[in-house]
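Down below is the structure, laid out as structure tokens.
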Amino acid sequence: MSVRISQIFYGTLIHSLSLTELEFIHNALLGVNNQGKIVFLERNVSNEQTLRDIIKKWETTEDKVVRLTNRQFLLPGFVDTHTHASQYPNAGIGMDLPLLDWLKKYTFPLEQSYSSLNFAEKIYPIVVNHLLSCGTTTAVYFATIHLEASEFLAKIVQLKGQRGFIGKVNMDRKDPEISETYVETTESSVKDTEKFVEYVLNLKHESTDKSCLVTPIITPRFAISCSSELLNSLGEIAKKFNIPIQSHLSENTEEIATVSKLFPRLENYTTVYDHHNLLNHRTIMAHGVHLSPQEFKLLKERNVGISHCPNSNFTLCSGVCNVRQLLDEGIKVGLGTDISGGFSKSILDSIRNASIASRTIYMSSKTSDKVFPPLTLSELTYLATMGGAQLVNLENVIGNFIVGKEFDALLIDPETEGSPIHIVDELDNIHRIFEKFMFLGDERNIKAVFVKGSKVSGTDITNLEANKYDEKLLAKFYINYN
1 MSVRISQIFY
11 GTLIHSLSLT
21 ELEFIHNALL
31 GVNNQGKIVF
41 LERNVSNEQT
51 LRDIIKKWET
61 TEDKVVRLTN
71 RQFLLPGFVD
81 THTHASQYPN
91 AGIGMDLPLL
101 DWLKKYTFPL
111 EQSYSSLNFA
121 EKIYPIVVNH
131 LLSCGTTTAV
141 YFATIHLEAS
151 EFLAKIVQLK
161 GQRGFIGKVN
171 MDRKDPEISE
181 TYVETTESSV
191 KDTEKFVEYV
201 LNLKHESTDK
211 SCLVTPIITP
221 RFAISCSSEL
231 LNSLGEIAKK
241 FNIPIQSHLS
251 ENTEEIATVS
261 KLFPRLENYT
271 TVYDHHNLLN
281 HRTIMAHGVH
291 LSPQEFKLLK
301 ERNVGISHCP
311 NSNFTLCSGV
321 CNVRQLLDEG
331 IKVGLGTDIS
341 GGFSKSILDS
351 IRNASIASRT
361 IYMSSKTSDK
371 VFPPLTLSEL
381 TYLATMGGAQ
391 LVNLENVIGN
401 FIVGKEFDAL
411 LIDPETEGSP
421 IHIVDELDNI
431 HRIFEKFMFL
441 GDERNIKAVF
451 VKGSKVSGTD
461 ITNLEANKYD
471 EKLLAKFYIN
481 YN
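Using the UniProt record's numbering, read the sequence shown as starting at 1 and increasing by one per residue.
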């Protein structure tokens with residue numbers, strides 16, 4: 001057999017097959033090849049002889065097998081579909097203001113700091129390390145308007161081994177109510193964006209194993225900060241390079257009113273993006289809290305994805321997004337942390353706040369004509385994994401443990417030292433333990449993180465492949481970069 005097996009996992013696997021299908025596979029034997037792809041998944045391997053027969057069939061050896069305990073399990077890696085890498089130093093700061101005031105007082109002054117590459121070199125490695133430790137195997141990042149710092153973020157994500165969609169932010173409109181200094185010219189914004197896109201696309205060619213997992217993403221901050229000329233140019237760049245797009249949409253009522261004043265001839269906020277050719281199946285719009293029926297229809301027609309960021313929606317008092325309605329309308333939905341509007345770096349927090357948001361919607365809808373049931377555990381798991389994979393158009397590559405997909409996974413240990421999860425022997429089977437992890441667990445329970453078959457974060461596990469994204473590589477990069 002020509003397939004070279006690099007790793008085999010034996011134990012419990014938990015993944016989503018659909019919004020309503022959460023599958024627990026007990027006594028599973030999952031094989032990963034040296035290219036990071038899942039090449040076999042055997043169910044109910046309940047005895048040692050069967051295990052040995054399968055290993056022999058795949059012409060490999062037992063020393064490749066990692067045996068999980070009865071309480072450990074594998075879970076697909078989390079996909080964070082909206083976060084601001086540059087805002088990480090402000091996480092937990094400034095929860096006292098609404099969106100536009102918060103941007104002016106806290107966010108734009110911080111983002112201006114990235115005009116210094118030294119500042120970016122200090123912050124961005126920490127950001128990527130921390131997100132990986134929380135199980136985020138794929139992240140959709142906003143950087144800043146600064147070309148060099150944005151390139152540095154892309155390179156760090158590559159070296160750390162995370163899947164990343166990196167956007168150099170675009171802002172050419174001076175606004176005395178928000179910022180008159182943190183801004184670009186239209187010409188420089190377009191020019192630097194093309195340079196950034198070309199730089200990221202070339203990272204794959206620089207990679208010795210051609211396995212670069214970083215993608216450029218066109219990133220107009222939001223309609224308030226961009227002229228019509230810039231938005232048109234960004235739509236053209238996205239089409240020219242065939243790359244995805246991200247921005248903010250209908251997060252806050254004051255924001256929506258401002259967009260209406262700036263684009264008075266266009267029907268609504270969503271139409272502004274559509275008018276400038278920025279809505280398609282590769283577009284991710286964060287928030288979507290206050291959408292009209294016409295906007296629901298347009299988003300569905302253009303197959304746009306919504307990144308649900310409940311933490312920041314609550315903390316900035318923006319509103320409560322009706323995810324059930326989005327799903328009922330057939331709109332793709334994933335989860336985002338939205339650092340630093342959201343104070344937590346973990347998708348687990350987004351899962352929990354998404355649950356609370358859906359229950360808030362449910363309670364308020366009980367007296368109306370249409371009731372919106374709260375999100376279930378199965379649906380929340382789907383949004384954090386397969387839902388996110390759909391938003392980044394990788395649903396055929398990652399998101400669950402289907403044979404042929406790449407192995408992006410988390411090894412969860414509910415009994416690690418200092419675990420916030422208490423297990424009661426007489427009560428807690430693996431189903432209950434999984435639910436406890438989703439609502440109580442944290443990075444202490446994430447024993448190892450894998451992206452495309454390589455361990456990129458976590459503690460050592462016997463026979464695991466060495467982490468090729470180590471500090472020696474980073475040190476070498478710093479020398480070459482400077």
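Beta carbons are placed, not taken as given, at the ideal position from N, Cα and C, and that holds for glycine.
Just so we're clear, the structure is a prediction, and the values are computed from it rather than from any experiment.
| Check | Outcome |
| --- | --- |
| Anticipated Cβ contact below 8 Å, I8 with L29, distance rounded | 6 Å |
| Integer-rounded CB distance, given that C321 should sit under 8 Å from V272 | The pair is not a contact, with the Cβ atoms about 19 Å apart (cut-off 8 Å). |
| Beta-carbon gap between G220 and N170 smaller than 8 Å | Residue 220 is actually Pro in this sequence, not Gly. Yes, the Cβ-Cβ distance between P220 and N170 is below 8 Å. |
| DSSP three-state assignment for E443, whether helix, strand or coil | helix |
| Nearest-angstrom Cα separation, counted from V214 out to N252 | 31 Å |
| Spatially closest choice to I339 from T83, Q49, P76, D328, by CA coordinates | T83 |
| As assigned by DSSP and simplified to three states, the class of Y182 | coil |
| Beta-carbon spacing of T136, F73 below 8 Å | no |
| Straight-line gap, F241 to I218 (C-alpha atoms, nearest Å) | 10 Å |
| Sub-8 Å separation of L75 and L410 beta-carbons | yes |
| Which residues DSSP lists as bridging N448, in chain order | One point to set straight first is that residue 448 is Ala, not Asn, in the sequence displayed. For A448, which the question treats as bridged, DSSP gives the partners L411, G458. |
| Rounded separation between T61 and V127 - CA only | 38 Å |
| Chain-order list of residues whose beta-carbon lies under 7 Å from that of L132 (same chain, five-residue window excluded) | K160, Q162, V449, V456, S457 |
| Residue closest to L299, alpha-carbon to alpha-carbon, out of L249, L262, K345, A257 | L249 |
| Beta-carbon gap between I284 and Q246 smaller than 8 Å | yes |
| Cβ shell of H146 (< 7 Å), same chain only, five flanking positions each side left out | Y114, S115 |
| Environment of N34 [buried if 16+ CB atoms lie within 10 Å] | exposed |
| Span separating the alpha-carbon of S344 from that of P216 | 24 Å |
| Segment contact, 8 Å Cβ cut-off, at least three pairs: the segment 48-56 with the segment 87-98 | no |
| Minimum length 4: unbroken alpha helix (DSSP H) runs contained in the segment 59-127 | 99-102, 108-112 |
| Nearest-angstrom beta carbon gap, L377 and E435 [assumed within contact, 8 Å] | 6 Å |
| Pick from L22, I5, K37, F401 that is closest to I55, judged by C-alpha positions | I5 |
| Length of the line joining the Cα atoms of G399 and V200 | 24 Å |
| Residue from F222, K195, A149 whose Cα sits closest to the Cα of R173 | F222 |
| DSSP bridge partner residues for Q7 (one or two, in chain order) | V32 |
| Proximity winner among N70, N353, V403, relative to D425 (alpha-carbon distances) | N70 |
| C-beta neighbour in chain B for I245, strict 8 Å | The chain labelled as chain B is not found in the depicted structure, where only one protein chain is given. |
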